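**Q** Here our numbering runs 1185 ahead of the position in the sequence shown, where the first position is 1. Think of the CB as a built atom: it goes at the ideal place given N, C-alpha and C, for glycine as much as any other residue. Small disclaimer: the values here were computed from a predicted structure and weren't measured. Quick one: this structure, given as structure tokens, is what I'll be asking you about.
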Amino acid sequence: MTDPNASNAQGPTNNGPGRLPLSVTDLLLIVILALGGSRLLLPVLLQPLGITPMAEGGPGTGVILGLLALQTAFLFAVIYGVAVAWRGVTWADLGFRPIPTRWVWRAIMVAVAAFPLVSFVSWLQMQIMGQPIQNPQMDLLKPERFGWDLYIGMLLVAGVLAPMVEELAFRGLLYRWLRERLGIWVAAFGSALAFSVMHGIPGLIPAIAVLGLVLAWIYEITGTIWAPIIVHGIYNAIVTTILYTAISQGAPLPGAGG
């Protein structure tokens, strides 16, 4: 196993656990089950309750947060069921290895630096396109009011739960699988592109892909999935805090509708 105290962990594969025993079919099965469950099954199950998250004037923020948490938990269950329980992949195989304390602080600094970088990419894209970027998820996620309960709930979902499961999926699973078979560059750009596309915001694909590259980079140099989880969580916490600060001040939200 990679020495977690080494100055350079040499990536998630070198001197670490064996090759992921997953085929292309296994990955496709995970994608199909995850998409089918999160995009189709859960909304269908919620329909009898009168919950239509994407409808105009739909449910409150608390319900939306609950749905997002449920979708994230379903993705975790799919990965666990196919990769861990069925194929015998270990948590260490997926990157859950100790992280040195110094890398915790470095990951926090990377997250803080990533925010202006991603913002600059979004700004640059707007200059090239000549129009603002539309973000329909902003309409979905913006709270109907400011409340500490909603803010803390969003932090828990967006800053803790989602980063853990998404990093497990895109860095621990997809990045590592691609790196072992196609090399570091295909793995970095391929996982970053998949990460951005799966967020479902066409106008933000370049910006989110840049964030995905940052997350792949820190996973590569540390060899532990905890590093990108920290970066991802802090980044989302920054975005959430800015969102709720704007709501509390009555400021307009960029990318949102009326």
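1) How would you call Gly1357, buried or exposed, if buried means at least 16 neighbouring beta carbons within 10 angstroms?
2) Return yes when the Cβ of Ile1419 is within less than 9 Å of the Cβ of Ile1284, no when it is not.
3) Give the secondary structure of Ala1270 by DSSP, where H, G and I count as helix, E and B as strand, and everything else as coil.
4) Which word fits Val1209, buried or exposed, when buried means at least 16 other C-beta atoms lie within 10 angstroms of its C-beta?
5) If you measure between the beta carbons of Gly1280 and Leu1353, is that distance less than 9 Å?
6) If contacts are defined as beta-carbon pairs under 8 Å, then Leu1218 and Arg1361 qualify, I think. What distance do you get, rounded to the angstrom?
7) Is it the case that the Cβ atoms of Ala1445 and Ala1373 are separated by a distance below 9 Å?
8) Under 8 Å: do the segment 1422–1433 and the segment 1330–1345 share three or more Cβ pairs, one atom per stretch?
9) Looking at the structure shown, is Ser1208 part of a helix, part of a strand, or coil, going by DSSP?
10) Count the other CB atoms, across all protein chains shown, that sit within 10 Å of the CB of Asn1190; report buried if there are 16 or more and exposed otherwise.
11) Can you give, in chain order, each stretch of the alpha helix (DSSP H) that sits fully within the segment 1286–1321 and has at least 4 residues?
12) Given a cut-off of 9 Å on the beta-carbon distance, is the pair Val1263 and Ile1313 in contact?
13) Alpha carbons only, please: which of Ile1410, Arg1291 and Met1339 is nearest the one belonging to Val1248?
14) Counting only the same chain and skipping the five closest in sequence on each side, list residues whose C-beta sits under 6 Å from that of Gly1222.
15) By Cβ distance, which residues of its chain are closer than 6 Å to Tyr1336, with the 5 residues on each side in sequence left out?
16) Between which two residues does the alpha helix (DSSP H) holding Ile1337 run?
17) For Asp1334, count neighbouring Cβ atoms within 10 angstroms of its own Cβ and tell me buried if that reaches 16, exposed if not.
18) Which same chain residues end up closer than 8 Å to Ile1369 when comparing Cβ atoms and leaving out the 5 residues on each side of it in sequence?
19) Below 9 Å between beta carbons: does that hold for Val1399 and Ala1299?
20) Going by alpha carbons, who is nearest to Arg1287 out of Asp1278, Ala1270 and Thr1407?
21) For Ala1431 and Phe1331, I'd like the C-alpha separation in whole angstroms.
**A** To lay it out plainly:
1) Flag for Gly1357 reads buried.
2) In this structure, Ile1284 keeps its C-beta atom at 9 Å or more from the C-beta atom of Ile1419.
3) Of the three classes helix, strand and coil, the one that applies to Ala1270 here is helix, per DSSP.
4) Under this definition Val1209 is an exposed residue.
5) Their beta carbons are under 9 Å apart, which means Gly1280 touches Leu1353 by this criterion.
6) About 20 Å; that fails the 8 Å criterion.
7) Since the first and last residues shown for the chain are 1186 and 1443, residue 1445 lies out of range.
8) Flag = yes, the segment 1422–1433 and the segment 1330–1345 touch.
9) Coil, per DSSP.
10) For Asn1190, the pLDDT reaches just 41, beneath the cut-off of 50, and the residue's location in the model is therefore unreliable, leaving the point undetermined.
11) Listed in chain order, the complete alpha helix (DSSP H) runs (minimum 4 residues) inside the segment 1286–1321 are 1286–1314.
12) Taking 9 Å as the cut-off, the beta carbon of Val1263 is found no closer than this to the beta carbon of Ile1313.
13) The closest CA to that of Val1248, considering only Ile1410, Arg1291 and Met1339, is found on Met1339.
14) Closer than 6 Å at Cβ, skipping near neighbours: Phe1259.
15) Excluding residues within five positions, the ones whose Cβ falls inside 6 Å are Tyr1429.
16) Ile1337 -> alpha helix (DSSP H) spans Trp1333 to Leu1341.
17) Looking at its Cβ environment, which holds fewer than 16 other Cβ atoms inside 10 Å, Asp1334 is exposed.
18) So the qualifying residues of the chain are Gly1196 and Glu1405.
19) In contact: Val1399 and Ala1299 (Cβ atoms closer than 9 Å).
20) Relative to Arg1287, the option among Asp1278, Ala1270 and Thr1407 whose CA is nearest is Thr1407.
21) Distance between Ala1431 and Phe1331, taken at the CA atoms: about 9 Å.
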